[in-house]
Amino acid sequence: PGGLPGSIPGVAGALGMRPPGFMGGCGTLGVPPVVPPVVLPVAPLRPPNLIQQQAMEYEQTKAASTVLEPEVVELVHYFKIGDRHARMLNEQLKRRNNTYEEDIAALYEILKGAKNPADLLMVSIRWMEQGVFRGCLTPNPKVEKISKKYKLDAPSACKLAEALESRNDADEALDKICEHLAASNKPSSLVMIMLKDIKSGAEIQACTKQPAIGSYIHKKETEKSRARTSRSRERAERAERAERERGFQPRSNRATSRERRS
49 PGGLPGSIPG VAGALGMRPP GFMGGCGTLG VPPVVPPVVL PVAPLRPPNL
99 IQQQAMEYEQ TKAASTVLEP EVVELVHYFK IGDRHARMLN EQLKRRNNTY
149 EEDIAALYEI LKGAKNPADL LMVSIRWMEQ GVFRGCLTPN PKVEKISKKY
199 KLDAPSACKL AEALESRNDA DEALDKICEH LAASNKPSSL VMIMLKDIKS
249 GAEIQACTKQ PAIGSYIHKK ETEKSRARTS RSRERAERAE RAERERGFQP
299 RSNRATSRER RS
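49 is the number of the first residue of the sequence shown in the numbering used here; add one for each residue after it.
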């Protein structure tokens, strides 16, 4: 009695057999025992390889790309240029680390006399993007040559170089432009006046005006006149010295025949 059906009383307990429905191993309260968690060994941290390091540096640079450089902020504030131009300039200057300071100084020189600094800055940004930006020097060697010859300021030289980029007859047009510049005593202002015709591709007419006082032609003619006067004076002085060496007095010191008779 009290045993399992078909079993010998006391045998199941003696043999350690569990009767059906028996929840053994749960303790007195029937709670399962706590199994400790398995702790896996942690591999030591390895330093990032070169590719990973470059990727991290790229992400850091990309994240910081929206931050404007202090010199860029100062420049756009000085010339009252908008944020859009500032971001574009900042992006280009970051790609030109080797010439960063020189580029900033050149931009101040280029923009300081411009009536529309933002427009001129866009020209410089485009040249930076194309890899032809040379600071105060224009990418066009011929324009740079006449800029020095006629003493064009940086804004007019840059605008002239930009305007000629869209012309198929740039060299021919530049030769005619030089005729006008040579006769003008305000060549930089004249370039700005002619920009509309230069950009539109209109034919540049030959210069028919007389050289203005102070123009390149006027200065050259004045130099030639002074050189001729100087040569005439030198010839007169040489002739006077030759007469003295031969024992003759200069004509200005000779007494006239009337003076001698009186």
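For each residue, glycine too, the CB sits at the ideal point set by N, CA and C.
What you are looking at is a predicted structure, and each value in this text was computed from that prediction instead of being measured.
Limits of the alpha helix (DSSP H) - the one that residue i falls within
i           : result
residue 194 : 189-198
residue 140 : 131-142
residue 265 : 264-293
residue 157 : 148-159
residue 84  : Run containing residue 84: none; DSSP gives neither H nor E here.
Burial state of residue i (16 or more Cβ within 10 Å)
i           : result
residue 164 : exposed
residue 186 : buried
residue 280 : exposed
residue 55  : With a pLDDT of only 49 at residue 55, under 50, the local geometry of the prediction cannot be trusted, and the value read off the model is given with reservation. When all chains shown are included, residue 55 counts as exposed.
residue 63  : At residue 63 the pLDDT is 47, less than 50, meaning the model places this residue with poor confidence; the figure from the coordinates comes in the next sentence. Classification of residue 63: exposed, given that the 10 Å Cβ count is below 16.
residue 284 : exposed
residue 198 : buried
residue 70  : Residue confidence is low: residue 70 scores 47 on pLDDT, short of 50, so the model does not pin down where it sits. No coordinate-derived value is stated.
residue 98  : exposed
residue 216 : exposed
residue 133 : buried
residue 195 : buried
residue 126 : exposed
residue 293 : exposed
residue 180 : exposed
For residue i, the three-state DSSP class (helix, strand or coil)
i           : result
residue 185 : strand
residue 180 : coil
residue 258 : coil
residue 162 : coil
residue 98  : helix
residue 122 : helix
residue 74  : A caution first: residue 74 carries a pLDDT of 47, below 50, which makes its placement in the model unreliable, though a value can still be read off. In the structure shown, residue 74 sits in coil (DSSP, three-state: anything other than H, G, I, E or B).
residue 116 : coil
Any chain C beta carbon closer than 8 Å to residue i
i           : result
residue 184 : In the structure shown, chain C cannot be found, because there is only a single protein chain.
> Okay, do the segment 240-248 and the segment 268-275 touch, 3+ Cβ pairs below 8 Å being the bar?
Replying inline: The segment 240-248, when compared against the segment 268-275, does not touch it at the 8 Å Cβ threshold.
> Considering only residues of the segment 195-253, which uninterrupted alpha helix (DSSP H) runs meet the minimum length of 4 residues and lie entirely inside it, listed in chain order?
Replying inline: Counting whole runs of 4 or more residues, the segment 195-253 contains the alpha helix (DSSP H) stretches 202-212, 218-230 and 235-248.
>> Does the segment 132-143 come into contact with the segment 165-178, if we say contact requires no fewer than three beta-carbon pairs (one atom in each stretch) closer than 8 Å?
In response: With the cut-off at 8 Å, the segment 132-143 and the segment 165-178 touch.
> Per the contact definition of three or more C-beta pairs closer than 8 Å, is the segment 97-106 in contact with the segment 142-162?
Replying inline: Touching, no, given that fewer than three Cβ pairs across the two stretches are closer than 8 Å.
> Per the contact definition of three or more C-beta pairs closer than 8 Å, is the segment 250-260 in contact with the segment 209-228?
Replying inline: Verdict: yes, contact present.
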